[in-house]
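Just below is one structure, and these are the notes that go with it.
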Amino acid sequence: MKNILYFILLLGFVGCSDFLEEASQDEVRPTTADDLMQVMVGEGYPMDYFQYVYVDFLTDDVQCNGAGGQETLESSVEDMYSLFSWSDDMYEKLTHDKYNTWQICYNKIMGCNTVIDYMDRVSGEEKTKNNMLGQALVLRAYYYLLLVNYYALPYNYGDPTKNLGVPLKLEMEVVDGFLPRKTVAEVYEQMITDLEKGIKLLEENKMEMSLYKISALAGKAILCRVYLYMEDWDNALKYANMVLGEKPALTSLASAPEDAMQYQGSNTWCVYNESTSNEIIWMYGGNREYSCYSSGNSVATNPYTASDELMDLYEFSTDSDNHWDLRRYMYFKYGAWVDWSIFRATIFPAYGFKGGKNEKWASHGIRTAELYLNRAEAYVRKFMETGEDNYRTLALADLNKLRENRYDTRNVAYNKVDYTNAEELLQFYKDERRRELCFEGHRWFDLRRYGMPELTHVYFIKADSKQQLVLGKEDPRYVLPIPKSALDRNPYLEQNKR
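Numbering of the sequence shown is given in the numbering used here, commencing with residue 348 and proceeding in unit increments.
Encoded structure:
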């Protein structure tokens, strides 16, 4: 395995034919489908650090709480300032590789390209090889979906056929010259091509696989998201219906043990644990990635936490006979924050936490909840466009179905919501999407496609030194800067306007 991965790394610096002539005879090239699967797992699939939880710092879902009067925590507050302030030099300030989404995604794409290009050179059952090829194509599209939404304007802003996207690297071999940025539309077209081909291969070559592996269902869910971002409501509906027709399950939070409904993180029950949740389509990533929120201090942690604005969106009651949203506790890890300057302790929702207490369980992926939300949004948008009340009714049916599985229904029945005004329904939908999908990598992308609204962050180390940071409406900083390291290597890259 180690030698095979070393082979892949070498391909990043030399052409395949050159490598075959110059590489050491001690290195092993993949010769079987099993070898390629090892490459896929190690170099193509997301790993623990992959979800880039740091992007939540750019959104309104995270707030700064200062250092609480402790000098030892000041550096923890300062470390994330470049992200929290949408700084142009965020990659230079955040030197750890886990923050360089450009590098991570392109490395993963290189792993997928290796599997795709090398498939005809290895032995193995055709069904296995074709299934693996389908996985690689879907994964490559997924990484390009992330890249084009981090480093380019939203598809629905301006002209996607003219706005710069990201380079499309579709081959394993190093080609002569450097790759320029393609347009946003070209990147989306490639994603759709990869997804359609990958889904077809996976459907025609079905194999029993774990939820950690890409399936045709996961490919359809990703394609649904692609069309949602493109505002192609009919195709978004088409693929949402396909996925939900095959897997309609939602997990009732009220079915969890009572201790899981209090301070999450103390119980193994969670929506990304396949033994307790039946709505997982694909999952990946562990819980260690959230360490960037914490100071590492066991007494006073988390100078950054889930924002009050986010938490106020959840309906809550301490009376067990009242109607309340279980996500307020079950989707967050709580911790005690001690402000030593005023000697006050507070219980904070430290951060989104959907992976249970065992780090081996996933904390991200795709759940059927997203597909209900995607379909609901498409219905709402079509209601706004046509005025046909049937679309409003269908949207509310999806939203109420999701919410009924999120509220405490042990003692009282769920009260269905009803909206007749299109704008009010759209806002309710947006709030519901935020409540359900927070800290799963959606919020930044959603804010961008919602028109890039103005955001305000309050930053401080000490309580008497607060400063207000503003990201203006349609601010160019809604597009992340391409890392300087990438610009230095490729003179054809054009930096995003800031």
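Glycine is no exception: its CB is placed at the ideal position from the N, C-alpha and C atoms.
Within its chain, find whatever has a CB closer than 7 Å to the CB of residue i; leave out the 5 residues flanking it on each side and keep chain order.
i	result
residue 436	429
residue 829	449, 498, 840, 842 and 843
residue 723	742, 745, 746 and 776
residue 661	672, 674, 675 and 782
residue 594	564, 628 and 715
residue 584	722 and 725
Since residue i and residue j are thought to touch, with beta carbons under 8 Å apart, how far apart are those beta carbons, to the nearest angstrom?
i	j	result
residue 718	residue 591	5 Å
residue 502	residue 531	6 Å
residue 548	residue 481	3 Å
residue 552	residue 474	5 Å
residue 560	residue 617	With a Cβ gap of about 20 Å, residue 560 and residue 617 do not count as contacting.
residue 573	residue 546	Not really, about 12 Å apart at Cβ, beyond 8 Å.
residue 608	residue 677	6 Å
residue 626	residue 596	5 Å
residue 533	residue 512	6 Å
Along the beta strand (DSSP E) that carries residue i, what are the first and last residues, could you check?
i	result
residue 630	627 to 631
residue 480	Unbroken run through residue 480 is the alpha helix (DSSP H), 473 to 497; no beta strand (DSSP E).
residue 651	651 to 653
residue 569	Run containing residue 569: none in the beta strand (DSSP E); it sits in the alpha helix (DSSP H), 563 to 577.
residue 410	409 to 411
Count the other CB atoms, across all protein chains shown, that sit within 10 Å of the CB of residue i; report buried if there are 16 or more and exposed otherwise.
i	result
residue 529	buried
residue 770	exposed
residue 656	exposed
residue 715	buried
residue 815	exposed
residue 845	exposed
residue 760	exposed
residue 485	buried
residue 478	buried
residue 379	exposed
residue 681	buried
residue 752	buried
residue 653	buried
Among the residues of its own chain, which have a CB less than 6 Å from the CB of residue i, if the five just before and after it don't count?
i	result
residue 825	795 and 799
residue 813	805 and 807
residue 628	564, 565, 568 and 713
residue 554	478
residue 369	Only weak support exists for where residue 369 lies, its pLDDT of 34 falling under 50; the coordinates are left without a value.
residue 688	Low per-residue confidence applies at residue 688: pLDDT is 45, beneath 50, and the placement is therefore not dependable, though the value from the model is reported in the following sentence. Excluding positions up to five away in sequence, the list reads 416.
Tell me where the alpha helix (DSSP H) around residue i begins and ends.
i	result
residue 452	448 to 465
residue 726	715 to 733
residue 740	736 to 751
residue 802	First-last for residue 802: 802 to 806, but that is the beta strand (DSSP E), not the alpha helix (DSSP H).
residue 386	380 to 386
Take residue i and list the residues in its own chain whose beta-carbon comes closer than 8 Å to its own, dropping the five residues that flank it on each side.
i	result
residue 727	738, 739, 742, 769, 772, 773 and 776
residue 509	530
residue 414	420, 421, 423, 424, 650, 808 and 809
residue 670	662, 664, 754, 755, 759, 761 and 762
Tell me, please, whether the stretch 590 to 608 touches the stretch 649 to 665 by the rule of three or more beta-carbon pairs shorter than 8 Å. In this structure the stretch 590 to 608 does not lie against the stretch 649 to 665, because fewer than three pairs of beta carbons, one per stretch, are closer than 8 Å.
Contact between the stretch 405 to 419 and the stretch 491 to 505 is defined here as three or more beta-carbon pairs at a separation below 8 Å; is this criterion met? No, the stretch 405 to 419 is not in contact with the stretch 491 to 505.
Taking three-plus beta-carbon pairs below 8 Å as touching, is the stretch 458 to 468 in contact with the stretch 747 to 763? No contact exists between the stretch 458 to 468 and the stretch 747 to 763.
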